[in-house]
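Comments concern the structure below.
There are 2 protein chains.
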Amino acid sequence: MPSTSLAFASQAEHRAWLETQCPLPEGFRVGSARIEFTPVEAPKPGRMNVALLAPDRPTPAFAAKFTRNAFPGAPVVVGRRRLAEPRLGAIVVNNKISNVGAPGGVEAAERICAEAARHLGIAPAEVLPSSTGVIGWRLPVDQLAGALPAAVASLQARTVLPAAEAIMTTDLYPKVRRAGLAGGSIVGIAKGAGMIEPSLATMLVFLLTDLDVPREELRTALDEAVEESFNDITVDSDTSTSDTVVLVSSGRRRAPAAREFGEALRRVCRDLSEDVVRNGEGVHHVVRIAVWGAPDRAAARAVGKAIANSPLVKCAVAGNDPNVGRLLAAVGKHAGAVGLPLDPVRLLVRMGGEILFEKGAMQLDPAKERRLVAHLSGAELYASRPPPAGLTFKPPSSFPAHERCVALEVDLGGGPGACEVLGADLTHEYVTENADYRS
Amino acid sequence: MPSTSLAFASQAEHRAWLETQCPLPEGFRVGSARIEFTPVEAPKPGRMNVALLAPDRPTPAFAAKFTRNAFPGAPVVVGRRRLAEPRLGAIVVNNKISNVGAPGGVEAAERICAEAARHLGIAPAEVLPSSTGVIGWRLPVDQLAGALPAAVASLQARTVLPAAEAIMTTDLYPKVRRAGLAGGSIVGIAKGAGMIEPSLATMLVFLLTDLDVPREELRTALDEAVEESFNDITVDSDTSTSDTVVLVSSGRRRAPAAREFGEALRRVCRDLSEDVVRNGEGVHHVVRIAVWGAPDRAAARAVGKAIANSPLVKCAVAGNDPNVGRLLAAVGKHAGAVGLPLDPVRLLVRMGGEILFEKGAMQLDPAKERRLVAHLSGAELYASRPPPAGLTFKPPSSFPAHERCVALEVDLGGGPGACEVLGADLTHEYVTENADYRS
Numbered sequence: 114m115p116s117t118s119l120a121f122a123s124q125a126e127h128r129a130w131l132e133t134q135c136p137l138p139e140g141f142r143v144g145s146a147r148i149e150f151t152p153v154e155a156p157k158p159g160r161m162n163v164a165l166l167a168p169d170r171p172t173p174a175f176a177a178k179f180t181r182n183a184f185p186g187a188p189v190v191v192g193r194r195r196l197a198e199p200r201l202g203a204i205v206v207n208n209k210i211s212n213v214g215a216p217g218g219v220e221a222a223e224r225i226c227a228e229a230a231r232h233l234g235i236a237p238a239e240v241l242p243s244s245t246g247v248i249g250w251r252l253p254v255d256q257l258a259g260a261l262p263a264a265v266a267s268l269q270a271r272t273v274l275p276a277a278e279a280i281m282t283t284d285l286y287p288k289v290r291r292a293g294l295a296g297g298s299i300v301g302i303a304k305g306a307g308m309i310e311p312s313l314a315t316m317l318v319f320l321l322t323d324l325d326v327p328r329e330e331l332r333t334a335l336d337e338a339v340e341e342s343f344n345d346i347t348v349d350s351d352t353s354t355s356d357t358v359v360l361v362s363s364g365r366r367r368a369p370a371a372r373e374f375g376e377a378l379r380r381v382c383r384d385l386s387e388d389v390v391r392n393g394e395g396v397h398h399v400v401r402i403a404v405w406g407a408p409d410r411a412a413a414r415a416v417g418k419a420i421a422n423s424p425l426v427k428c429a430v431a432g433n434d435p436n437v438g439r440l441l442a443a444v445g446k447h448a449g450a451v452g453l454p455l456d457p458v459r460l461l462v463r464m465g466g467e468i469l470f471e472k473g474a475m476q477l478d479p480a481k482e483r484r485l486v487a488h489l490s491g492a493e494l495y496a497s498r499p500p501p502a503g504l505t506f507k508p509p510s511s512f513p514a515h516e517r518c519v520a521l522e523v524d525l526g527g528g529p530g531a532c533e534v535l536g537a538d539l540t541h542e543y544v545t546e547n548a549d550y551r552s
Numbered sequence: 114m115p116s117t118s119l120a121f122a123s124q125a126e127h128r129a130w131l132e133t134q135c136p137l138p139e140g141f142r143v144g145s146a147r148i149e150f151t152p153v154e155a156p157k158p159g160r161m162n163v164a165l166l167a168p169d170r171p172t173p174a175f176a177a178k179f180t181r182n183a184f185p186g187a188p189v190v191v192g193r194r195r196l197a198e199p200r201l202g203a204i205v206v207n208n209k210i211s212n213v214g215a216p217g218g219v220e221a222a223e224r225i226c227a228e229a230a231r232h233l234g235i236a237p238a239e240v241l242p243s244s245t246g247v248i249g250w251r252l253p254v255d256q257l258a259g260a261l262p263a264a265v266a267s268l269q270a271r272t273v274l275p276a277a278e279a280i281m282t283t284d285l286y287p288k289v290r291r292a293g294l295a296g297g298s299i300v301g302i303a304k305g306a307g308m309i310e311p312s313l314a315t316m317l318v319f320l321l322t323d324l325d326v327p328r329e330e331l332r333t334a335l336d337e338a339v340e341e342s343f344n345d346i347t348v349d350s351d352t353s354t355s356d357t358v359v360l361v362s363s364g365r366r367r368a369p370a371a372r373e374f375g376e377a378l379r380r381v382c383r384d385l386s387e388d389v390v391r392n393g394e395g396v397h398h399v400v401r402i403a404v405w406g407a408p409d410r411a412a413a414r415a416v417g418k419a420i421a422n423s424p425l426v427k428c429a430v431a432g433n434d435p436n437v438g439r440l441l442a443a444v445g446k447h448a449g450a451v452g453l454p455l456d457p458v459r460l461l462v463r464m465g466g467e468i469l470f471e472k473g474a475m476q477l478d479p480a481k482e483r484r485l486v487a488h489l490s491g492a493e494l495y496a497s498r499p500p501p502a503g504l505t506f507k508p509p510s511s512f513p514a515h516e517r518c519v520a521l522e523v524d525l526g527g528g529p530g531a532c533e534v535l536g537a538d539l540t541h542e543y544v545t546e547n548a549d550y551r552s
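From first to last, the protein sequence lines stand for chains A and B. Residue numbers for the first sequence follow the working numbering, beginning at 114 and rising by one. Residue numbers for the second sequence follow the working numbering, beginning at 114 and rising by one.
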């Protein structure tokens, strides 16, 4: 999953680069607005953003993929119905409350769609709703509806940034990636930092293009791109109830060959999924796990995920501690649980290019241990600081300015299946963030 | 999984109770010794214990179960062979290094067995080896062999405590549970605090009885007891490479009916597995998850484990934050991934007796939120203290003196399958412990 470089010297440099990713493809407008609200379920006032993304006129060329979680949110339920509609005219997104499992959730989502449609002069069934945030709480429908005129008034055709910023929750920075091709472009935005092990899609991803790729081709291209990007990442193994990826074309420019479009789409999706992991909740280290020699790609991915999701491996990485036996335990746990045949004599494991396991045994010595510690320390995005309050860890607000990874390689020695999985460590900042997410 | 009460007013009271669990069944001796060593792989000197548990004479009546991890440790490889031997004469256990994946591991384990056998006057194949600790490092075989005479000299028939203490690693206190029946007894000891989601057994458990239950009956009873105790718990979802449960009878007292013996064995195993979770690395809250209405017991257990292993649920519990939407997400993630049919309208979820989800929707309000916070706070074993060094959290050394749990109930509304799973939260102490376990 090689992705575009993210090595910046400063936050200002990152911001400048971000602007280069933001120009909207032809034929789209984007806007946003903010409301103040108090949830019905808990007496804590908060702020919520609503974003609008709309093609200039409703288009038949759109594709969407949703979570495999068995309790999908109301917007996902409505979104699945929209796939059968002839045209998509707008996407309306809010953060802070995910509208999952709340009483009357589908009605609330449809009401927002109808209000947005009225202001935009399109049909309610042409609006796709999308929500992210706390599960179980009710949307403040009246306040949201009241904010829609302001969101419509703010629509502009220059930049996707207002939407990328409006959909953030615990994200530290907006995630935007762009590919230019055939005189047009594909621009994608994503949000997502925790509850990330997508199983079909990541939390919220919106991809816009002006290239005139027809509906069925768009859907095939999205299937393929998602499979090799968002489905290969994990922050914390928790698959969200709201995962949604939407791709919309305004059809303004002639499409390139399907292969060329698919390649560009895959790159944008891979870049965005790397952004999601790199900005995962509390992430200090991104871990890139290349697995090969498996029976098939799915088996290779499952081994990579088993390593990436092991709490013990994640904590060791957080501590720059090359406790490499835990890698072996994680692979062995998974293989034992699913009955994957493994020959230890053919297994090869490397970290930072150093051989850890070969010919059926660990290959360790104190000098190698020191090199492994250096590899882990070198890949650290930031180190924990003693928290002023004693207990509550906060990530630094400055953007982590490099793209280094902990590099793991696992050769299972047994077949043509290969996959590259992106994971992350488990830190005090993750625990702090999620021990009181809603406050 | 109701277990014997553990509500103590002080550490001294706990210690006094522990003594009552420790009398050895007739026909056993236990001893231990300590060595200083420096691992070949890393220049950090440390201490290691070696423990001996032995029937007075080799016995055909023994049973053992081992990890399903596909990379079992050398002692597990040797232990599996021992199951076919006519008699067991001793168990030799070390902590600190697990002898997993290290070059020459099986030879090292066999050498320790041969040395122990020589000192005890039995056959090498009558000795079962067992090791726990760092994965990938080599056993200091010469030093261990040198300590065996001292361990043999310390053998005594009064108490199992020296072995229970010698096998500890990150455990905060020795774990001993006893059942008296039919004039004899079953006494079990366990170690294990991290890398705990047993898949056949927990890390190291040794069960001794003087009741004359024949070999095949012992093995059946152990299968059944393990299935309903150690296999129902999880601390961090990581299945160890060393999980081992051994049951040995000295045959000194007439056996009761098979059902009576099985019931007592199951109780000892359940009590020990609760001890393992309650003393899990960094655990602040034990979470007891009752699941019913599933197609079968395995399906119910899998749903319980999905909740217990969700990092987001675990962090919310750590923070006394009733972020109950995450329960729904965890159940839905699992059901979606394995294709378990779920009808939200029939689903019922409770925490601390409060209904969270019923009739297809969350049932939340601010007053209920306050009661849920009180339930979570009331089940807290201890709260984190600001660490003196700013980053390194240590659990208090005093024994957590209560047996309260976070009580979750999930009725899937669909079948006769039920299970009770024990899990734990995810805390700063767990991250600290595992970010530099080997130092």
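For every residue, glycine included, the Cβ atom is placed at its ideal position computed from N, Cα and C.
I want to see whether chain A comes within less than 8 Å of residue i, judged by CB atoms only; does it?
i       : result
T322(B) : no
L525(B) : no
H397(B) : no
M464(B) : no
V206(B) : no
R439(B) : yes
F470(B) : yes
N547(B) : yes
G530(B) : no
I'd like to know whether the C-beta of residue i is nearer than 8 Å to at least one C-beta of chain B.
i       : result
I299(A) : no
G432(A) : yes
S497(A) : yes
E482(A) : yes
Take residue i and list the residues in its own chain whose beta-carbon comes closer than 7 Å to its own, dropping the five residues that flank it on each side.
i       : result
S363(A) : P138, E139, G140, F141, P168, D169, T172 and D323
E482(A) : P435
A222(B) : A187, P188, V191, N212 and P242
K418(A) : T347 and V534
R193(A) : F179
Determine the chain B residues that contact residue i at a beta-carbon separation under 7 Å, and present them in chain order.
i       : result
P253(A) : In chain order: nothing, as chain B lies at least about 15 Å away.
Considering only residues of the same chain and omitting the five flanking positions on each side of residue i, which have a CB-CB separation below 6 Å?
i       : result
E154(A) : W250
M272(A) : One point to set straight first is that residue 272(A) is Thr, not Met, in the sequence displayed. The residues are C135.
G473(A) : P457 and V458
G542(B) : The sequence given here has Glu at residue 542(B), not Gly. Within the same chain, E542(B) has close Cβ partners G395, F506 and P508.
A531(B) : W405 and A413
Cβ closer than 8 Å: which chain A residues qualify as neighbours of residue i?
i       : result
V444(B) : A183 and F184
L455(B) : A183 and F184
V213(B) : G438, L441 and A442
Since residue i meets chain B, which of its residues come closer than 8 Å, beta carbon to beta carbon?
i       : result
L461(A) : Here the premise fails: no neighbours, minimum Cβ distance about 13 Å.
V247(A) : N436 and G438
List the residues of chain A whose Cβ lies closer than 7 Å to the Cβ of residue i, in chain order.
i       : result
D349(B) : P424 and L425
L539(B) : V544
D478(B) : E154
Leaving aside the five residues before and after residue i along the sequence, list all residues of the same chain whose C-beta is less than 8 Å from its C-beta, in chain order.
i       : result
S133(A) : One detail in the question is off: residue 133(A) reads as Thr in this sequence, not Ser. Closer than 8 Å at Cβ, skipping near neighbours: R291.
For residue i, go through chain B and note every residue whose CB falls closer than 9 Å to its CB, in chain order.
i       : result
S353(A) : A442 and K446
Who are the neighbours of residue i on chain A, taking C-beta pairs under 9 Å?
i       : result
P216(B) : K472, G473, A474, M475 and Q476
G305(B) : Chain A residues near G305(B): none, gap ~13 Å exceeds 9 Å.
Requested in this report: Would you be able to state if there are at least three C-beta pairs under 8 Å between the stretch 375–392 of chain A and the stretch 320–334 of chain A?
Outcome: Short answer: they touch.
Requested in this report: Decide if the stretch 249–260 of chain A is in contact with the stretch 215–231 of chain A; the criterion is three or more beta carbon pairs, one per stretch, under 8 Å apart.
Outcome: Output reads yes: the stretch 215–231 of chain A touches the stretch 249–260 of chain A.
Requested in this report: Quick one: which unbroken beta strand (DSSP E) runs of 3-plus residues sit fully inside the stretch 283–347 of chain A? Chain order, please.
Outcome: DSSP runs (the beta strand (DSSP E)) wholly in the stretch 283–347 of chain A: 288–294, 297–304 and 317–324.
Query raised in the report: Does the stretch 357–374 of chain A come within contact of the stretch 387–405 of chain A, defined as at least 3 CB pairs closer than 8 Å?
Result: No, because fewer than three Cβ pairs between the stretch 357–374 of chain A and the stretch 387–405 of chain A fall closer than 8 Å, the two stretches do not touch.
Report task. Jot down the residue ranges of each uninterrupted alpha helix (DSSP H) in the stretch 197–247 of chain A, minimum 4 residues, whole runs only, in chain order. Result -> Runs found: 218–233.
Query raised in the report: Per the contact definition of three or more C-beta pairs closer than 8 Å, is the stretch 280–296 of chain A in contact with the stretch 174–181 of chain A?
Result: As far as the Cβ criterion goes, the stretch 174–181 of chain A does not touch the stretch 280–296 of chain A, which means the pair count is below three.
**Report entry** Inside the stretch 481–548 of chain A only - beta strand (DSSP E) runs reaching at least 3 residues
**Finding:** Correct list: 519–524 and 530–537.
Query raised in the report: Three or more beta-carbon pairs under 8 Å between the stretch 156–166 of chain B and the stretch 336–346 of chain B, yes or no?
Result: Segment contact: the stretch 156–166 of chain B against the stretch 336–346 of chain B, fewer than three CB-CB distances shorter than 8 Å; contact not assigned.
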